[in-house]
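Numbering (our numbering), first residue to last: 18 to 127.
Right, here's the structure in full:
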């Protein structure tokens, strides 16, 4: 019997419970399965326990957008931009700025 990707990742996480990449991958898998509550849990864990794992902020912000929690999305993008600047990650900074601007534009149109 073939084990699905999420099950494998969860098993790996039991062996390496502090592995941020595994937590990120698990959050992404839950998001793909539309299990927003579980995805949110893993993204929030990353923000709290590994704030410099900068890729989290974009996806967490997008999840907040899906949930129509726009204030949380803006806050997340702002946090991510600060982290991206502090660690010198221009790519992440640009992505976060773009997501924030797009959300602002969408909300202004409504």
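Ideal Cβ positions, reconstructed from N, Cα and C, are used throughout, including at glycine. All of these numbers come straight from a predicted model, not from anything done at the bench.
How would you call residue i, buried or exposed, if buried means at least 16 neighbouring beta carbons within 10 angstroms?
| i | result |
| --- | --- |
| residue 50 | exposed |
| residue 104 | exposed |
| residue 115 | exposed |
| residue 43 | buried |
| residue 93 | buried |
| residue 73 | buried |
| residue 32 | exposed |
Could you have a look at residue i and say whether DSSP puts it in helix, strand or coil?
| i | result |
| --- | --- |
| residue 78 | helix |
| residue 84 | coil |
| residue 51 | coil |
| residue 99 | helix |
| residue 69 | coil |
| residue 89 | helix |
| residue 40 | helix |
| residue 33 | coil |
| residue 145 | Lying before the first or after the last residue shown, residue 145 is absent from the chain, which here runs from 18 to 127. |
Taking residue i as the reference, give the member of the options with the closest Cα.
| i | options | result |
| --- | --- | --- |
| residue 82 | 27, 57 and 62 | 57 |
| residue 77 | 40, 107, 22 and 108 | 40 |
| residue 34 | 111, 59, 54 and 48 | 59 |
| residue 79 | 120, 124, 126 and 52 | 120 |
Taking 8 Å as the threshold, find out whether the segment 65 to 72 comes into contact with the segment 83 to 92 through three or more Cβ pairs. No, they do not touch.
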